[in-house]
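Residue numbers for the sequence shown, in the working numbering: 270 to 573. Quick reminder that beta carbons are idealized off the backbone N, C-alpha and C, glycines included. Predicted model only: the values in this text are computed from it and were never measured. As structure tokens, the structure follows; a few thoughts come after it.
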Amino acid sequence: MIMGYNRKMRLAALVTVFMVFWTFVCGMTAFGAQSESGSAAEQRVFDMAGLLSDEEKDKVEESIASSRKKTGMDVVAVTAFHDGKRSAMEYADDFYDQNGYGTGSKKSGVLVLLYMDAPGQRGGESWISTSGNMIRILTDSRIEAIQDDMAEYLRYMDYSGAFMRFAEDIEYYVDQGIQRGQYNYDTETGEISVYKSIRWYEAAFALIVPAMIAGSVCLGVKGRYSMKQSQRDRSNALLAYRADTRFMFSNCNDLLLNKFVTSVPIPRNTGGSGGSGGGHSSSGRSSTHTSSGGHSHGGGGRRF
270 MIMGYNRKMR LAALVTVFMV FWTFVCGMTA FGAQSESGSA AEQRVFDMAG LLSDEEKDKV
330 EESIASSRKK TGMDVVAVTA FHDGKRSAME YADDFYDQNG YGTGSKKSGV LVLLYMDAPG
390 QRGGESWIST SGNMIRILTD SRIEAIQDDM AEYLRYMDYS GAFMRFAEDI EYYVDQGIQR
450 GQYNYDTETG EISVYKSIRW YEAAFALIVP AMIAGSVCLG VKGRYSMKQS QRDRSNALLA
510 YRADTRFMFS NCNDLLLNKF VTSVPIPRNT GGSGGSGGGH SSSGRSSTHT SSGGHSHGGG
570 GRRF
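This is the structure we're talking about:
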């Protein structure tokens, strides 16, 4: 009986050890898979053209991750060879849309693409695609400024430096916010959407004026129902007997003494200023278009 009992105890202990070991192995496997999946989900640097070393790619990834955290919007960097079908703008927009990038309901974010002509060639096109709130922030002029900064690195084939400078500029302009007078200009329909913001003094004015009006009304009601008769009421009482009086006006004539006429030529609008934004300043314009996926994008690019 004792031997049988000891044998059962040893068997139960072995089963317990096996179960603990199996649980540990499964947990580590699941953790590894989850970490790998999370890492892939957080990836925002895609070097399909092979322009970056592993070390450079890691640095750019860190820089992009920092920009995403500071701005609260998505930031993506891509290199690819020209596929012979799509322009740099179309490729960048499709990559952004089809991979589901962007934050919030507006899918706010920005993607920078280095679209190389062909393997072994150093030429290509740099394109910046914006979406959601980033369209308002990165106006055409700001995108041009970012392209200027990146060009200093691209001319020396310092692709990682260009990407990291791009990330720095994104943080800077997001911190600056939407500039005054910003508007979106749809290049396909000509429609203009002006950004409207309420400044602190406008909000204060909107609160103070109604309060003053309400206060004056309350004081008027209080004075009207008070026992003391106002000077106006006393005057009205004294003049009550004049209710049926009439005014008689004598004939009046207007006499023209002199006349002066000044002529000023009106200059013609030659279209040399203001761009195609319907009379708005081009400095605050964000040119937009619709991607193949039906989403609105801003952006701009140039050759390098």
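Residue closest to residue i, alpha-carbon to alpha-carbon, out of the options
i      : options                        : result
GLU460 : GLU437, LEU423, HIS558         : HIS558
SER561 : THR348, ALA361, GLY389, GLY319 : ALA361
LYS465 : THR456, ASP455, GLN451         : GLN451
VAL443 : VAL379, GLU359, ALA346         : VAL379
MET342 : GLU437, ALA387, GLY568, GLY373 : GLY373
ILE412 : SER555, PHE432, GLY563         : SER555
THR348 : LEU320, GLN416, ALA431, ARG405 : LEU320
ALA420 : LEU407, THR408, PHE435         : PHE435
ASP455 : GLN312, GLY371, THR408         : THR408
Local Cβ density within 10 Å of residue i, reported as buried at 16 or more and exposed below that
i      : result
LYS354 : exposed
GLU463 : For the record, residue 463 in the displayed sequence is Val; it is not Glu. VAL463 should be labelled exposed.
MET426 : exposed
GLY369 : exposed
GLY389 : exposed
GLN416 : buried
ALA310 : exposed
Distance between residue j and residue i (C-alpha atoms, nearest Å)
i      : j      : result
HIS351 : GLN448 : 34 Å
ILE333 : GLU457 : 31 Å
ASN453 : ASP316 : 31 Å
GLU330 : GLU324 : 10 Å
VAL314 : ALA387 : 20 Å
HIS564 : MET433 : 27 Å
ASP366 : ILE404 : 15 Å
VAL344 : GLN445 : 17 Å
LYS328 : ASP438 : 16 Å
LYS593 : LYS326 : Coverage of the chain is limited to positions 270 through 573, which leaves residue 593 absent and any answer about it impossible.
ALA346 : SER322 : 15 Å
ALA431 : ALA414 : 13 Å
GLY371 : GLU359 : 17 Å
GLN312 : ASP418 : 24 Å
Own chain residues within Cβ distance below 6 Å of residue i, not counting five before or after
i      : result
SER552 : SER410
GLY568 : ILE397, SER398, THR399
DSSP three-state assignment for residue i, whether helix, strand or coil
i      : result
ILE406 : helix
TYR425 : coil
ARG434 : helix
GLY353 : coil
PHE573 : coil
SER322 : coil
ALA302 : Unreliable placement is indicated for ALA302, whose pLDDT of 41 sits below 50; no coordinate value is reported for it.
SER336 : helix
MET317 : coil
ALA361 : helix
ARG411 : helix
Cutoff 7 Å; reference residue i; Cβ partners in own chain excluding five residues on either side
i      : result
HIS566 : ASP362, SER398, THR399, SER400, THR557, HIS558, SER560
LYS339 : GLU440
THR539 : At THR539, the pLDDT of 41 sits below 50, so the modelled position is not reliable; the number obtained from the coordinates is stated separately. Closer than 7 Å at the Cβ level, and outside the excluded window around THR539, lies no residue.
ALA357 : LEU382, TYR384, GLU394, TRP396, GLY570
LYS391 : Note on identity: in this sequence residue 391 is Arg, with Lys being the wrong assignment. Result list for ARG391: MET426, in chain order.
SER336 : VAL344, ALA436, ILE439, GLU440
Cβ shell of residue i (< 8 Å), same chain only, five flanking positions each side left out
i      : result
ARG424 : PHE573
TYR428 : LEU320, LEU321, GLU325, THR348, LEU383, TYR422
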